[in-house]
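Each remark here refers to the structure printed beneath this line.
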């Protein structure tokens, strides 16, 4: 494999890893606050459809992005109501939200555009455009580092840089702010938070809202940056892979970055079976490459690669004791 | 310190509040507090006043309404009627935040700490200075240093809470309250999980707080503690406050009578034991838990037919593990024989074989182990004995009708009320639930009965019944292993007493040749 | 807290949840410019108005009975098996391998073998997540989701690379031999007059009904069922009673996976008569809605499966005759799961308030 191919694959890794990263960080806020969320997939899907639709209608990718976030927030609110206020089963609620999004997106897109549940193709200002970082072209001739800077680091859309910036920001929020302290506390022992005079309900709703915001960005990225418009089931299980990455990352922000890049890399090489064959010298079937992230997640869950301990109060609705 | 202590003592005379009350307002005053949960009246028209700088005890049985009252004071529940006055002024306490603002701090029975946070983070949580953590943590660190010096409250601020001993975790709870400038500190059953020496340390801290003019409310069901440390005491019974008296002018007997509403039989009438052959022999029993901590460190004991062996000890010193090993659901090493036959200690799923061998087990925690609360009474009667031949219709199916008939009989013989086999277990009172478990286990006519905390959360009438049944089983020539954290229960039921501390047997005593003081020393790990 | 009467708890709350789900579905139809009343008419006519419609309704209901029972059995052991989809896919593989292995002379011989094939493959696919949960504490919800994706990959590979007959472009197996064809309801003496020749509903329906009865016996009359329910309510208590968590987790999941796998007898052997990609069509997931609506009780599952059979066939008719896409089915399914599963407490609290109000009036 030559250097150019490697750069191409790494470039795909970044582009495919970003929606995972945004969704993974989204899940991190919710789960760190003690609310399990297997509905990331649904929120992404809803955001993808709404952002595609709104971007097409308004011609502005940013308005599209906002619409996507709005849709994702509505689903997050439903999950919050079920999980926090009505103390329902968080897993069941997540499953319901995934199906709701799966059906509603097609229904809405079909009724608005009549293109078989797709949104019309986007171009120009209705799509996120690649940004060229300063000096990218000037530095390109520099051996090794030049192409890395110009082709791998430069030339992505704004959401890519936003997603990467979200990692240190999340770390800082979690470990250096009052909000982060309370968020981590409510995921471990909500009783401690409640008796300290802080509202468990408000804290958890805030966390779930941040989850909605970030999964909204993840979905918007799918429809307006990675692709040019929304297609039926376009998230294709990415919400679940993000969940797997979150477990792999042991619910930590930096871990989330590496896990998502790893899973993004798997997706990138699944697109290039020829490269894989050249390296391992055996013809690897494409479905095997597709299944790799899931198989790896099972191995992680089985504890064969380190033990992942979820937040202690995760999945449990908070009930005041006498 | 000395001056403070004296001033504390001077104000500690609220019994004569006609005079003192006019000059100094009570730190806390409750007027006509009532609270109902559906048909259950948890608190009825409760009035109470506590003077500043005193230690006030609230005593009562389980379910008397102590915790509900304190939850109202801490803003967990809203009272249906009544008023709370702090320092003479009426205050509304709609939530915990308001309680904290009013200067109330609470140490719950089950600590409200974040286990993987440091002490500092736990103290700061909810009392941060601003949106960023760093200044808050710095301020708390300085403040903890002062508090540690002022009261005997030294805890490493950077220690992770889950690594601390229970006694230290409790200190963190007290520090949390003091850091929030609490003037009134409420402690709910604080010594339940402490060794006697840790409890002594706690009491020294409480005296120090009192000396600084803080007001302490101590909720407990242990008369000894009330007599030892409180200035005044209120007694609660069935949601009502039956009396408030000065501790010095009262006696344990008087308080006990006020608590239960009649004279308490402190001794179960029973004939002297006539022990027969050895039923259970335990040698060098060891248990290591999942974290690699040794929970039982070489237990040796022996129980003979027609004898009750009581195991005394502070909760968490290996008694639970002992019961689980003998009951067949925890692995151990060592040697245990029942009627001379060795028991398997290392296999899986041994609980069934234990029952077949003649061991019955009334577990410590009937809600989590002994019963399935959502199951009907008859389904619970089969629990653990669902393989019994008399409950089977054929090779595949169970005979539910036979089970229901059997349950009806057991309910009658054990006076379970209401005697309805199809009622869910959760619909029975604590005492009646325990009778269902007891009926199931005792009627198997076991050679050895393991019984843990038989009267925890059980009303007084049922206690006598349960004690009588245990003694009857002994008189029928069976061996009984009794584990209880209630020393009174151990002293009145046992024929021999073994004291456990830190996974070991500290010593054995005969109940008529020992007293609470000597047992207390053994429970604290002070060897003979 | 006012305790609800049993009838309100068992009947009223689920019905209200269902009504809420339908009401919102009607609003969704309005929202996309459809007419809910007309939609309902199309659905009723399409699903119940003809022998053809009935046939499809019962065919789908048969699928959902299997997957609903599968989810319910696991739920009773407090295991949330989201893997019905993958287990049914693998069940399809098992059924296909059995049907293609021998040139079956008669369906009566092929059926038991195919049942075994479907159940064993489905159970095997459930066994790995079950073992990981029992022995290593891996959360079964996540592992079964992962196994759904892995199953899809396995099937794509096998259908494209291994089982596809030479010369065919279709990622599917060859047709099953004639002798492996199951009688449809039309073929059954006495029912032939009622059901259409093209009806996909087949004798597997009776197999599903038998499973309803067997699961009922299992759960409420057998020792094993007693142990499953006890374990589902409290693991520590089950251990005290001598019930092995590992054993019950494994057995409950094997039964669950086996039931999902059995579904393939209906859709693969009874209807398609070959194995195609996406033969399960989401029936594994619908099983979750069916189990929740049926309160994890076999009889409840049976009725819920019939209702979802109606929804599924009716939804397909909507897609054919109106502008409403058939994805409406997914929305209804989601709302049923949401209201009967996750927002159960909300409905219950509402009903409790109303009862308390009446109680106060009466007092």
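Protein chains in written order, with my numbering: chain A, 263 to 584; chain B, 633 to 1160; chain C, 7 to 369.
Beta carbons: idealized from backbone N, C-alpha and C, even for Gly.
Just so you know, these numbers come straight off a predicted model, no measurement behind them.
Same chain, Cβ closer than 6 Å to residue i, five either side skipped, listed in chain order
{"i": "residue 958/B", "result": "1082"}
{"i": "residue 197/C", "result": "191"}
{"i": "residue 515/A", "result": "429, 432 and 433"}
{"i": "residue 52/C", "result": "59, 320 and 323"}
{"i": "residue 1072/B", "result": "1013"}
{"i": "residue 1158/B", "result": "none"}
{"i": "residue 205/C", "result": "61, 190, 191 and 192"}
{"i": "residue 1040/B", "result": "1053"}
{"i": "residue 591/B", "result": "Residue coverage of chain B in this structure runs from 633 to 1160, which leaves residue 591/B outside it and unanswerable."}
{"i": "residue 1116/B", "result": "1085 and 1122"}
Neighbourhood of residue i by C-beta, 7 Å cutoff - its chain only, sequence neighbours within 5 removed
{"i": "residue 402/A", "result": "408, 409 and 412"}
{"i": "residue 288/A", "result": "302, 473, 476, 477 and 480"}
{"i": "residue 278/C", "result": "285"}
{"i": "residue 653/B", "result": "Confidence at residue 653/B is low in this model, with a pLDDT of 43, below 50, so the placement of that residue should be treated as unreliable; the coordinate-derived value is given next. So the list is empty, once near-sequence residues are dropped."}
Extent of the continuous alpha helix (DSSP H) to which residue i belongs
{"i": "residue 699/B", "result": "698-705"}
{"i": "residue 542/A", "result": "535-542"}
{"i": "residue 1043/B", "result": "1032-1045"}
{"i": "residue 557/A", "result": "548-563"}
{"i": "residue 73/C", "result": "57-82"}
{"i": "residue 852/B", "result": "Careful: residue 852/B lies outside any alpha helix (DSSP H), inside the beta strand (DSSP E) at 847-852."}
{"i": "residue 495/A", "result": "That residue, residue 495/A, is in no alpha helix (DSSP H); it is neither H nor E in DSSP."}
Residue j beta carbon less than 8 Å from that of residue i
{"i": "residue 153/C", "j": "residue 134/C", "result": "yes"}
{"i": "residue 1106/B", "j": "residue 938/B", "result": "yes"}
{"i": "residue 1013/B", "j": "residue 1035/B", "result": "yes"}
{"i": "residue 1129/B", "j": "residue 942/B", "result": "yes"}
{"i": "residue 346/C", "j": "residue 268/C", "result": "no"}
{"i": "residue 912/B", "j": "residue 1080/B", "result": "yes"}
{"i": "residue 271/C", "j": "residue 368/C", "result": "no"}
{"i": "residue 348/C", "j": "residue 577/A", "result": "no"}
{"i": "residue 744/B", "j": "residue 347/A", "result": "no"}
{"i": "residue 311/A", "j": "residue 492/A", "result": "yes"}
{"i": "residue 989/B", "j": "residue 1001/B", "result": "no"}
{"i": "residue 177/C", "j": "residue 165/C", "result": "yes"}
{"i": "residue 330/C", "j": "residue 30/C", "result": "no"}
{"i": "residue 82/C", "j": "residue 1030/B", "result": "no"}
Endpoints, beta strand (DSSP E) assigned at residue i
{"i": "residue 916/B", "result": "910-920"}
{"i": "residue 367/A", "result": "Unbroken run through residue 367/A is the alpha helix (DSSP H), 352-375; no beta strand (DSSP E)."}
{"i": "residue 1081/B", "result": "1080-1084"}
{"i": "residue 932/B", "result": "926-936"}
8 Å Cβ shell around residue i - same chain, five flanking residues per side excluded
{"i": "residue 41/C", "result": "35"}
beta-carbon residue i near the ligand ATP non-hydrogen atom, thresh 7 Å
{"i": "residue 382/A", "result": "Of the ligands one can find in the structure shown there are none, so the ligand ATP has no counterpart to examine."}
Three or more C-beta pairs closer than 8 Å, one from the stretch 67-83 of chain C and one from the stretch 281-293 of chain C: is that the case here? These segments touch.
Are at least three pairs of beta-carbons, each pair with one atom in the stretch 114-132 of chain C and one in the stretch 372-390 of chain A, less than 8 Å apart? Note that the stretch 114-132 of chain C does not touch the stretch 372-390 of chain A; fewer than 3 beta-carbon pairs, one per stretch, sit closer than 8 Å.
Which residues of the stretch 479-512 of chain A have a Cβ closer than 8 Å to any Cβ of chain C? Give them in chain order. Considering only beta carbons, the part of the stretch 479-512 of chain A lying closer than 8 Å to chain C consists of 499, 502, 505, 506 and 509, in chain order.
Is it a yes or a no for the stretch 61-69 of chain C touching the stretch 308-316 of chain C, going by three-plus beta-carbon pairs under 8 Å? Result yes; three or more Cβ-Cβ pairs closer than 8 Å.
Counting pairs of Cβ atoms below 8 Å between the stretch 81-89 of chain C and the stretch 126-144 of chain C, do you hit three or more? Touching, yes.
Residues within the stretch 235-252 of chain C neighbouring chain B, beta-carbon criterion of under 7 Å: Result list: 236, 239, 240, 242, 243, 245, 246, 247, 248 and 250.
Check whether the stretch 250-257 of chain C touches the stretch 1010-1026 of chain B, counting contact only when three or more Cβ pairs, one atom from each stretch, lie closer than 8 Å. Segments in contact, no.
Hey, is the stretch 793-811 of chain B in contact with the stretch 819-839 of chain B, meaning 3+ C-beta pairs nearer than 8 Å? Touching, yes.
Residues, ordered as in the chain, of the stretch 721-744 of chain B that lie near chain A by beta-carbon distance below 9 Å: Flagged, chain order: 727, 728, 729, 730, 731, 732, 733, 738, 740, 742, 743 and 744.
Is there contact between the stretch 680-687 of chain B and the stretch 842-852 of chain B, where contact requires at least three CB pairs shorter than 8 Å? Cβ pair count under 8 Å is three or more, so yes.
In chain order, what residues of the stretch 38-66 of chain C put their CB closer than 7 Å to some CB of chain A? Listed in sequence order: 38 and 39.
Counting Cβ pairs closer than 8 Å, one from the stretch 753-771 of chain B and one from the stretch 439-459 of chain A, do we hit at least three? Verdict: yes, contact present.
For the pair the stretch 693-711 of chain B and the stretch 725-745 of chain B, tell me if three or more CB-CB distances fall below 8 Å. Contact between the stretch 693-711 of chain B and the stretch 725-745 of chain B is present, because at least three Cβ pairs lie under 8 Å.
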